[in-house]
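Last residue of the sequence shown? That's 398 in the numbering used here, and every number before it is there in order. Below is one structure; the comments refer to it alone.
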Amino acid sequence: MTSIPQKKTFFYAVELLLFLFVNALFILKYVPRAGINAYPVLGIFCIVVLAIVYLFSLPENKKKERLSKVGFFLLLSLIIGAIIVFLIKVDRYSVNVDRWSAVTFFLDNLFQGNYPYAAHTHVCETNYPSPFPVWYVVNLPFYLMGDVGLGLIFFILQTAFIVHYYFRSWYKSLFFLLLLSISPAYWWEVMVRSDALSNALLVFTAIIWFDRSGKSLSENLVTAILICGLIASTRLSAILPLALYFFRPFLRLKLKQQMIFVSGVALIVILSFLPFILWNTDTWIFFSRNPFMSQSGVGNRYVLTGMIILGIVFSLRWKGLHRFFNTASLFIFIFMALSQLSLILTRGINGSFFSDSTYDVSYFSLILPYCIGYLSGISLRDEEKISEV
């Protein structure tokens, strides 16, 4: 990896701080629950991260590339092995996080012929599934295998190889995998069988795959419609990076193509929801229990309006996929930070930010793919190689 050009040092420092900040949230919130002082752990973590960043800032050579390939597959094997151990050892019902049961109980109800969005999770009877329909289709193979947590293995494998497809370097791919594997935020996701970061990794890899095709949006319109429509039908948060990535090329389309794109994406989303909208037309149960209801209680129209404006500005400024990583991580971080701040201002804090169940630090982990992607590949050469959308 070449040295960081001076003009990019600021962005690198910002991404490094974001990476440390997100993981610090998890350390400060969850390490004390094990009876351990979190601050020494946080200090050690910061030192380890800075040492790794320095190590991988040294120039690449053929020998390092060969060693990195071995290290990449060895580390990937260790990660998968650790995931399997956690899936076996950690009782899924013992964790107070219900993202896994939101998927499992939804599919349980669906196959029993019951309206699935009315299924409450294992945590309490007032928590209901919030993912959109296509996300259940994605997780169906893992459900049929007996544990939706197995999806964690699939998504780390997919991410690892798509990242190498992007970087074309085992050295940088190993760096990406190493930063992810030392992240407490990632292992929290594994231990509680959460699927939020898995969804973020799916969006991240889909954007890389589309960008690497080397074709413009107009040349790949049908593919883009399928990607945007299907991913928008998985989770509300998945729309953020997609909008940032596709908005500028969307503006370059002819009016007819813009209409086809918008109507195509909307049609896929509507079709994914249609079976549940029409589930019971006597009571129209969808309108009394649907995934949007889980989101409406924490939304803020002022934050949303401000973020739409900011998103338009951000989407017009990035150039090259590598710079997009920086833009996406900053935007998602600002969105999550303002959302949490608005909650604090309206609801207050019962105890502390880390003990109040109203506030969920796990949403900050959604920036990790983009943040680590930027840190792993920073070099002038990368900026020159990566095509602009």
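Cβ atoms here follow ideal geometry from the backbone N, Cα and C, with glycine treated the same way. The structure displayed is predicted, hence computed values, not measured ones.
Go to residue i, then tell me how far its alpha helix (DSSP H) extends in each direction, as first and last residue.
i: W179; result: W179 to S190
i: K265; result: L264 to I286
i: P142; result: P142 to L153
i: V106; result: Per DSSP, V106 belongs to no alpha helix (DSSP H) and is neither H nor E.
i: C55; result: A47 to L64
i: D220; result: A205 to R221
i: S324; result: R310 to S324
i: Y175; result: G160 to F176
i: G386; result: L377 to G386
i: G357; result: First-last for G357: undefined, no H or E at that position.
i: V199; result: P193 to M200
i: Y124; result: Per DSSP, Y124 belongs to no alpha helix (DSSP H) and is neither H nor E.
i: T232; result: L230 to A241
i: I92; result: K71 to K98
i: Y137; result: Taken as a continuous stretch (DSSP letters only), Y137 belongs to no alpha helix (DSSP H), as it is neither H nor E.
i: A252; result: I248 to L260
With a cut-off of 8 Å on the beta carbons, I'd call residue i and residue j a contact; round off their distance for me.
i: A169; j: L186; result: 6 Å
i: P142; j: S281; result: 4 Å
i: P300; j: P140; result: 7 Å
i: L211; j: Y152; result: The pair is not a contact, with the Cβ atoms about 16 Å apart (cut-off 8 Å).
i: W109; j: G158; result: 6 Å
i: L29; j: C55; result: 6 Å
i: I217; j: P250; result: 11 Å between Cβ atoms; not a contact.
i: Y379; j: A337; result: 4 Å
i: I162; j: I92; result: 6 Å
In whole angstroms, give me the CA-to-CA distance for residue i and residue j.
i: G273; j: W144; result: 19 Å
i: F95; j: F65; result: 29 Å
i: V312; j: I353; result: 13 Å
i: A22; j: T292; result: 55 Å
i: L339; j: F120; result: 40 Å
i: G155; j: R101; result: 12 Å
i: T130; j: G223; result: 43 Å
i: G315; j: N309; result: 10 Å
i: L149; j: T243; result: 13 Å
i: D204; j: L235; result: 22 Å
i: F219; j: N105; result: 37 Å
i: I341; j: M302; result: 22 Å
i: R221; j: T214; result: 10 Å
i: L283; j: L85; result: 39 Å
i: C237; j: N208; result: 14 Å
i: F344; j: I358; result: 20 Å
i: S297; j: F285; result: 12 Å
i: R332; j: V58; result: 22 Å
i: Q349; j: K71; result: 46 Å
i: S254; j: G44; result: The sequence given here has Tyr at residue 254, not Ser. Rounded to the nearest angstrom, the two C-alpha atoms are 43 Å apart.
i: F114; j: I294; result: 18 Å
i: T232; j: L239; result: 11 Å
Which same chain residues end up closer than 6 Å to residue i when comparing Cβ atoms and leaving out the 5 residues on each side of it in sequence?
i: F20; result: N335
i: A241; result: I248 and V278
i: V99; result: M200
i: H173; result: S182
i: P41; result: A47
i: F176; result: S182 and G386
Apart from the five residues just before and just after residue i, which ones in its own chain have a Cβ nearer than 8 Å to its Cβ?
i: A194; result: V31, N32, L34, F35, L206, S371, F373, S374 and L377
i: A252; result: G320 and S324
i: V62; result: L25 and L384
i: F256; result: G320, I321, S324 and L325
i: A127; result: N118, Y137, I294 and R298
Going by beta carbon distance, what residues of the same chain come within less than 7 Å of residue i, once the five residues before and after it are set aside?
i: F259; result: L226, Q267 and F270
i: F81; result: W179, S182, L183 and L186
i: K38; result: F363 and V370
i: I88; result: I165 and S190
i: L287; result: none
i: P49; result: none
i: N136; result: D107, H129 and T130
i: S351; result: N309 and V312
i: L262; result: L226, S227 and F270
Are the C-beta atoms of residue i and some chain D residue less than 9 Å apart?
i: F285; result: Looking at the structure shown, chain D is missing, and only one protein chain is on hand.
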